[in-house]
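Take 922 as the starting number for the sequence shown in our numbering and just add one per residue. Note that the Cβ used here is the ideal one computed from N, Cα and C, for glycine as well. In this text, all values refer to a predicted model and were calculated from it rather than measured experimentally. Step one of this worksheet: look at the structure below.
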Amino acid sequence: MRSPPVDPRLLEILVCPLTKGPLEYDRARNELISRKAGLAYPVRDGIPIMLPEEARKLDI
Numbered sequence: 922m923r924s925p926p927v928d929p930r931l932l933e934i935l936v937c938p939l940t941k942g943p944l945e946y947d948r949a950r951n952e953l954i955s956r957k958a959g960l961a962y963p964v965r966d967g968i969p970i971m972l973p974e975e976a977r978k979l980d981i
């Protein structure tokens, strides 16, 4: 079963905890992407997990 998508209003206020930069929602991977930090934060059950130690490094 797929996780519910992130509420668009939440994306307006959330920022990367490391860079304070904007986040993009990747629906296919269900992650919030911080291009500045090169990290992808997982979303579980519709809840963004904004912990750097839980994030996946992006292949940039």
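{"Query": "Nearest-angstrom Cα separation, counted from Gly-942 out to Val-936", "Result": "5 Å"}
{"Query": "Per DSSP, cross-strand counterpart(s) of Asp-928", "Result": "Asp-928 pairs with nothing; no bridge assigned."}
{"Query": "Ile-968, DSSP secondary structure in three states", "Result": "strand"}
{"Query": "Start-to-end residues for the beta strand (DSSP E) that takes in Glu-952", "Result": "952-955"}
{"Query": "Per-residue burial, Ile-934 [other beta carbons within 10 Å of its own, 16 or more giving buried]", "Result": "exposed"}
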